[in-house]
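Colleague: Below are the structure tokens for one structure; questions will follow.
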Amino acid sequence: MPPKTKIAELPESPEWIERGDALLSERKYDEAIEAYRQVRATDPEYLTALNRIGNALAQAGREEEAVAAFEKILDLDPENPLLADIALNNAVHVLRHLGREDDALALFRRVLQKEPENTMALVNMGNLLADLGREEEALAAYDAAIAADPENAAIYANKGYVLTILDRPDEALEAYRTALASEPNNTLVLNNIGNLLADFGLYDEAIAHYDRALEQEPEKAGILFNRANAETALGKLEEAAETYGRAHAADPANPTILNGLACTLRDLGRFAEAGEAYDRALALSPNDPVLRAGRNDIRRMTGR
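Numbering (numbering that gives the first Met the number 0), first residue to last: 0 to 303.
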């Protein structure tokens, strides 16, 4: 294997970097690129300038040139792994924006040929595969990442998400619980475990996990909504109405939350309040057939 390229930690001409950064912040892309190129001309080992050139090109809409700049960093195989990972992520981001997902996957695989245990590359490749609906391949990427970094809770969380999509809930729950063992206050994992437990009909256990998540983020609308759904399933309608109300306060423009609140208020016989909730929801989503049907039910029951 050829030696990695040593890179300068600091440029010999810091004034050009500072000038380029200032110009980039002012969206003077061509001038910023020229300033960064001055750094490269006097200090070719300072590859961070090449990464900045790529960023400026991408922001200027010159995306093909940006990809070429980021790939050049990878070709030079910098000694600093963080710079290589940043260049890879930047290149993939631009390729995805261009709709070139296959090229992005090819770039991940090229990097992984040299560094098969590059956890960042494995995880991000898994994320891309999951986004493309290629869940089995995503799962393989996450498993390889776990083999390289078995204590990384985030990877288990990603694996749990994909297993849920694949309708393998028992394995998903196991993956999430492994993540939770490392990060017991991870609200995303707690919420997702709650959702799986609710799917199993274990609503009390689901609520316990939602409550642990809400200890960290007490006004997180999505978690409150899930908790209210579980309370509804248990027939705890007064509690559910209160929780839906909290979710609505946290996310007042969400018609789905308002629909849950309206349905619960209707089941409690609080028809006027239910009608108001449906009206607010319909103001946000006027063509929703479920909301219209619910509002019409209230009219039939109350004449209003």
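Backbone N, C-alpha and C define an ideal beta-carbon position, used for all residues, glycine too.
Let's test the definition: count the other Cβ atoms within 10 Å of the Cβ of Val-122 and tell me whether it reaches 16, buried, or not, exposed.
Modeller: buried
Colleague: When you compare only the Cα positions, how much space is there between Arg-18 and Arg-61?
Modeller: 21 Å
Colleague: I'd like to check one pair, Arg-279 with Leu-257: are the Cβ atoms closer than 7 Å?
Modeller: yes
Colleague: Apart from the five residues on each side of it in sequence, which residues of its chain come closer than 7 Å, Cβ to Cβ, to Lys-71?
Modeller: Leu-49
Colleague: When we look at the beta-carbon of Leu-290 and count the other beta-carbons within 10 Å, is it buried (16 or more) or exposed?
Modeller: Label assigned to Leu-290: buried.
Colleague: Considering only the beta carbon of each residue, do Tyr-175 and Ile-192 sit closer than 7 Å?
Modeller: Taking 7 Å as the Cβ cut-off, Tyr-175 and Ile-192 qualify as a contacting pair.
Colleague: Could you tell me how far apart the beta carbons of Met-124 and Ala-140 are, in whole angstroms, since I believe they sit closer than 8 Å?
Modeller: 5 Å
Colleague: Measuring CB to CB, does Ile-222 end up less than 7 Å from Asn-190?
Modeller: yes
Colleague: Sorted by chain position, which residues of the same chain lie with C-beta nearer than 6 Å to Glu-136's C-beta, five sequence neighbours on each side aside?
Modeller: Within the same chain, Cβ atoms closer than 6 Å to the Cβ of Glu-136 are found at Leu-128, the five residues on either side in sequence being excluded.
Colleague: Could you pull the start and end residues of the alpha helix (DSSP H) that Arg-108 belongs to?
Modeller: 100-113
Colleague: Which whole-angstrom value is the C-beta distance of Ala-229 and Tyr-202, which I expect to be below 8 Å?
Modeller: 4 Å
Colleague: Is Pro-13 helix, strand or coil by DSSP?
Modeller: helix
Colleague: Candidates Phe-199, Gly-200 and Thr-163: which alpha carbon is nearest Val-304's?
Modeller: The question about residue 304 has no answer, for the chain in this structure spans 0 to 303.
Colleague: Using the beta-carbon count (16 or more within 10 Å), is His-96 buried or exposed?
Modeller: exposed
Colleague: In chain order, what residues of the same chain lie with their CB nearer than 6 Å to the CB of Gln-232, ignoring the 5 residues before and after it?
Modeller: The sequence given here has Ala at residue 232, not Gln. Contacts found: Tyr-202.
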